[in-house]
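Enquirer: In this note's numbering, each number is its position in the sequence shown, counted from 1, plus 12.
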Amino acid sequence: MNEMFLLKLGEIVLKGLNRHAFENKLKSNIARRMRPYGSFDVHIAQSTVYVEPNGPESDVDGAWEACHTIFGLASICRCRPCEKTADAIFAAVQDYLGDDLNAAESFKVESKRADKRFPMTSIQLSQEIGGRIHEAFPHLTVDVHHPAYTVYVEVREQAAYVHGPAEPGAGGLPTGMGGRAACLLSGGIDSPVAGYMIAKRGVELECVHFFSYPYTSELARDKVLELARLMTRYCGRMTVDIVGFTEIQEAIRDHCPEAYFTIIMRRFMMRIASRVAKDHGCQCLITGENLGQVASQTMEAMAVTGAAAELPVFHPLIGMDKEEIVSIARRIGTLETSILPYEDCCTVFTPKHPKTRPVLSEAEAAEAALDVEGLIARAIENTEKVTVRYHGTAV
């Protein structure tokens with residue numbers, strides 16, 4: 013039999029009457045993610061997703077890598093299915109895990125008998141297979157507490173499955189079960205991580221980026237699109253709305269108090285992002301703000317900024333320190349792109365002494381000098397929409 017995958021469900025198993033909906037969504041997500049790698053059968057039974065390639069032309073290694081980025085899975089493993097007999101199981105162990113056993117110094121066998129019709133108990137099966145392994149690999153010692161390598165045998169309804177240690181899955185909930193959100197995506201480290209964190213809760217993402225040409229370059233725009241592409245590895249295809257922000261920033265510079273430049277700029281972002289988000293059917297905004305990280309991320313500043321939003325604003329990184337955020341960025345593959353030296357619009361016209369504890373009434377009074385609705389309307393009218401996929405180019 014061919015090699016296949018066993019993907020174990022995560023917190024979906026805690027769901028009640030609606031568990032079936034979560035499982036169906038996860039199954040469809042996995043099937044979609046497998047398509048670039050060939051034909052695979054995908055089905056769910058006993059809190060496990062079975063993924064089996066249809067023929068040798070399927071790219072099993074590519075599909076395996078994709079499995080690491082699918083939300084809703086607690087652990088994943090590659091395995092060899094076989095007939096439900098001790099002889100067939102041991103033969104699969106020798107053939108499939110022999111190289112790993114040869115490289116190890118100690119081992120144990122863990123068995124799980126989900127099919128209660130199988131004549132051996134789990135302990136009896138572990139003892140039987142463990143004894144045969146010890147005879148076939150005499151250099152190995154048995155260590156049931158701290159083995160160098162563990163052989164896993166699962167006897168299920170359709171077959172027995174032999175595999176080595178499982179790897180962690182992406183966790184979270186299946187994409188599409190948590191609603192839709194718009195992530196304000198800059199070119200920095202934080203916002204892609206914020207998008208990833210909320211996507212992990214089953215949320216579909218769209219992105220909004222504010223672009224201030226010629227103060228920010230085309231390279232900065234391309235950098236953001238690459239960050240979005242890297243995010244789609246986890247959260248699937250998305251649209252990036254690139255909002256021309258130059259006129260708004262110049263108007264703020266020319267007519268508003270310098271100390272309020274950043275606050276008023278961010279209030280415009282919230283207004284525009286809210287309206288773009290509604291066009292995409294989004295129910296909230298996501299930002300990479302982190303309490304106390306910069307002057308615009310004090311409690312007072314975030315309150316004044318958030319007051320301009322027309323949708324709830326979620327801050328997945330609010331309590332993290334920078335080291336935690338960087339660690340996640342490195343793990344999901346966005347860090348190297350985020351640190352490329354192309355500045356985004358948040359660095360344009362930065363005040364020397366920004367207001368760290370702004371007052372809402374003062375911000376609103378400063379905005380009174382601006383044609384707020386006109387500026388917003390022109391920015392939205394000139395927004396560029398770019399569809400981004402992990403496989404393929406932005407369109």
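Positions of the beta carbon are idealized from the N, C-alpha and C atoms, including for glycine.
Put Ala406 into one of helix, strand or coil per three-state DSSP.
Expert: Reliability fails at Ala406, whose pLDDT of 46 lies under 50, so the model's placement of it is uncertain and no value is given.
Enquirer: Can you check which of these residues, Ile284, Ile82, Phe17 and Ala271, is closest to Gly256 by C-alpha distance?
Expert: It is Ile284 whose Cα lies nearest to the Cα of Gly256.
Enquirer: Of the residues Ile145, Ser198, Gly214 and Tyr246, which one's Cα is nearest the Cα of Lys235?
Expert: For the residues Ile145, Ser198, Gly214 and Tyr246, the minimum Cα distance to Lys235 belongs to Ser198.
Enquirer: Return the CA-CA distance between Met250 and Arg401, expressed in angstroms with no decimal places.
Expert: Answer to the nearest angstrom: the Cα atoms are 7 Å apart.
Enquirer: Excluding five sequence neighbours on each side, which residues of the same chain lie with their C-beta closer than 7 Å to the C-beta of Pro186?
Expert: For Pro186, where only same-chain residues beyond five positions count, the Cβ hits under 7 Å are Phe34, Lys37, Leu38, Asn41, Phe83, Gly84 and Gly214.
Enquirer: Near Glu376, which residues of its chain fall below 7 Å by C-beta distance, leaving aside the five closest residues on each side in sequence?
Expert: Cβ within range, chain order: n/a, list empty.
Enquirer: Using C-beta distances below 6 Å, list every residue in its chain close to Val407, excluding the 5 sequence neighbours before and after it, in chain order.
Expert: Only weak support is given to the placement of Val407: the predicted model assigns it a pLDDT of 39, under 50, and the question is left unresolved by the model.
Enquirer: Span of the beta strand (DSSP E) holding Asp53?
Expert: Counting along the chain, the beta strand (DSSP E) containing Asp53 begins and ends at Phe52 to Ala57.
Enquirer: Kindly list the residues whose CB is nearer than 6 Å to the CB of Ala78, restricted to its own chain and excluding five residues on each side of it in sequence; keep chain order.
Expert: Closer than 6 Å at Cβ, skipping near neighbours: Arg45.
Enquirer: Please work out which residues of its chain come closer than 6 Å, Cβ to Cβ, to Phe326, disregarding the five sequence neighbours upstream and downstream, and give them in chain order.
Expert: Taken in chain order, the residues that qualify are Cys296 and Ile298.
Enquirer: Three-state secondary structure (DSSP) at Leu217?
Expert: Correct three-state label for Leu217: strand.
Enquirer: Is there contact here, the region 129-146 with the region 93-113, by at least three beta-carbon pairs under 8 Å?
Expert: Touching, yes, given that three or more Cβ pairs across the two stretches are closer than 8 Å.
Enquirer: To the nearest whole angstrom, what separates the beta carbons of Val220 and Ala240, a pair I think is in contact under 8 Å?
Expert: Incorrect: roughly 11 Å between the Cβ atoms, too far for contact.
Enquirer: Taking buried to mean at least 16 other C-beta atoms within 10 Å of its own C-beta, is Ser373 buried or exposed?
Expert: It is exposed - the Cβ of Ser373 has fewer than 16 other Cβ atoms within 10 Å.
Enquirer: Return the chain-ordered list of same chain residues with a C-beta closer than 7 Å to the C-beta of Lys397, the five sequence neighbours on each side being excluded.
Expert: Cβ within range, chain order: Thr251 and Asp253.
Enquirer: Can you tell me where the alpha helix (DSSP H) with Ile210 in it begins and where it stops?
Expert: That run of the alpha helix (DSSP H) goes Asp202 to Ala211.
Enquirer: Going by beta carbon distance, what residues of the same chain come within less than 6 Å of His292, once the five residues before and after it are set aside?
Expert: Closer than 6 Å at Cβ, skipping near neighbours: Glu218.
Enquirer: Sort out for me which residues DSSP pairs His175 with in a bridge.
Expert: BP columns for His175 point to Tyr164.
Enquirer: What separation, rounded to the nearest whole angstrom, lies between the Cα atoms of Thr405 and Ala57?
Expert: Residue confidence is low: Thr405 scores 47 on pLDDT, short of 50, so the model does not pin down where it sits. Its coordinate-derived value is still stated next. Distance between the alpha carbons of Thr405 and Ala57 is about 36 Å.
Enquirer: Keeping to the same chain, check which residues put their C-beta closer than 8 Å to that of Thr162; ignore five residues upstream and five downstream.
Expert: Contacts found: Phe119, Lys120, Val121, Glu122, Gly176 and Pro177.
Enquirer: Quick one: complete beta strand (DSSP E) runs, 3+ long, within the region 49-118?
Expert: Segments of the beta strand (DSSP E) lying fully in the region 49-118: 52-57, 60-65 and 85-94.
Enquirer: So Pro93 and Tyr173 are supposed to be a Cβ contact under 8 Å. How far apart are they, rounded?
Expert: Going by Cβ atoms, the distance from Pro93 to Tyr173 rounds to 5 Å, so yes, they are a contact pair.
Enquirer: Run through the DSSP bridge pairs and tell me what Met16 is partnered with.
Expert: Paired residue(s): Cys91.
Enquirer: Less than 8 Å between C-beta atoms, sequence neighbours within five positions excluded: which residues of the same chain meet that for Ala126?
Expert: Answer for Ala126: Gln58, Glu166, Val167, Arg168 and Glu169, listed in chain order.
Enquirer: Give me, in chain order, the residues of the same chain whose beta-carbon lies closer than 6 Å to that of Ala315; leave out the 5 immediate sequence neighbours on both sides.
Expert: No residues qualify anywhere along the chain.
Enquirer: Which residue marks the beginning of the beta strand (DSSP E) containing Lys397, and which one marks its end?
Expert: Its beta strand (DSSP E) spans residues Glu396 to Val400.
Enquirer: With 16 other CB atoms within 10 Å as the buried threshold, where does Asn1 fall?
Expert: As displayed, the chain neither begins before 13 nor continues past 407, which places residue 1 out of reach and without an answer.
Enquirer: Pairing CB atoms from the region 94-104 with CB atoms from the region 202-209, are three or more of them under 8 Å?
Expert: No: fewer than three Cβ pairs fall under 8 Å.
Enquirer: Can you tell me where the beta strand (DSSP E) with Val255 in it begins and where it stops?
Expert: Segment Met250 to Gly256, the beta strand (DSSP E) holding Val255.
Enquirer: Quick one: using the 10 Å Cβ neighbour count with 16 as the cut-off for buried, is Ile24 buried or exposed?
Expert: With 16 or more other Cβ atoms within 10 Å, it is buried.
Enquirer: According to the neighbour-count rule (16 or more other Cβ atoms, all chains shown, within 10 Å of its Cβ), is Ile135 buried or exposed?
Expert: Exposed, by the Cβ-count rule.
Enquirer: Within 8 Å of any Cβ in chain D, is that where the Cβ of Ser123 sits?
Expert: The chain inventory of the structure shown lacks chain D, comprising one protein chain alone.
Enquirer: Assuming Gly300 contacts Leu329 under a Cβ cut-off of 8 Å, what Cβ separation, rounded to an integer in Å, is found between them?
Expert: Going by Cβ atoms, the distance from Gly300 to Leu329 rounds to 6 Å, so yes, they are a contact pair.
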